[in-house]
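Take a look at the structure set out below.
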């Protein structure tokens with residue numbers, strides 16, 4: 010199955026940003042009936058975040074939404090890395106109450122990838138936890154992975 014065979018399972022979201030636009034696409038895949046992805050862009054268009062709720066976990070979708078919201082609404086710093094560190098710390102604080110209020114073997118969690126662009130749009134800083142991925146489009150017209158899977162996840 011490819012994305013075009015089952016359009017009802019495909020979610021596409023478009024945002025306007027000062028530098029153009031962003032498109033996010035999410036597909037439920039072949040293993041699940043429900044998608045727990047969440048993605049958003051900050052108001053200034055410089056911070057982008059994507060989280061995937063831990064499949065099958067109670068409230069994974071809520072954990073993903075809380076993490077993304079926390080990252081894109083973090084107060085930006087002139088230093089991109091500091092902005093992302095603040096965002097990930099805020100994401101952990103947002104997910105923590107969900108974890109504390111669940112049964113020990115059914116705790117929610119999510120993976121996270123976030124990007125902060127500099128104001129010139131010529132440089133990007135990336136952070137991630139878990140197996141959500143970030144890629145760049147190379148001058149050779151190929152996707153190049155910027156992340157490695159299985160760093161710790163939020164939850």
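Numbering (this note's numbering), first residue to last: 10 to 164. We treat Cβ as the ideally placed atom computed from N, Cα and C, and that holds for glycine. Predicted model, so just to flag it, every value in this text is computed and none were measured.
Query: Within 10 Å of its beta-carbon, does residue 141 have 16 or more other beta-carbons around it, so buried, or fewer, so exposed?; Result: buried
Query: Just reading off the beta strand (DSSP E) that residue 126 is part of, what are its end residues?; Result: 119-126
Query: What is the DSSP secondary structure of residue 54, reduced to helix, strand or coil?; Result: coil
Query: Between which two residues does the beta strand (DSSP E) containing residue 152 stretch?; Result: 152-154
Query: Can you name the start and end residues of the beta strand (DSSP E) that residue 135 belongs to?; Result: 133-138
Query: CB-CB under 7 Å to residue 154, same chain, minus the five flanking residues each way: which ones, in chain order?; Result: 142 and 144
Query: Measuring alpha carbon to alpha carbon, tell me which residue in 56, 133 and 76 is nearest residue 63.; Result: 76
Query: Figure out for me which residue from 109, 104 and 43 has the closest Cα to the Cα of residue 71.; Result: 104
Query: Below 8 Å, can you find three or more Cβ-Cβ pairs linking the segment 72-92 to the segment 120-130?; Result: yes
Query: I'd like the list of long-range same chain contacts for residue 81, defined as Cβ closer than 6 Å, with 5 residues on each side in sequence excluded.; Result: 49, 51, 56 and 58
Query: Could you tell me which of 60, 148, 130 and 135 sits nearest to residue 92, measuring between CA atoms?; Result: 135
Query: List the whole-angstrom C-beta distance separating residue 69 from residue 119, where the pair is believed to meet the contact cut-off of C-beta under 8 Å.; Result: 6 Å
Query: Tell me, please, which residues DSSP counts as bridged to residue 69.; Result: DSSP, once it has assigned bridges, lists no residue as partnering residue 69.
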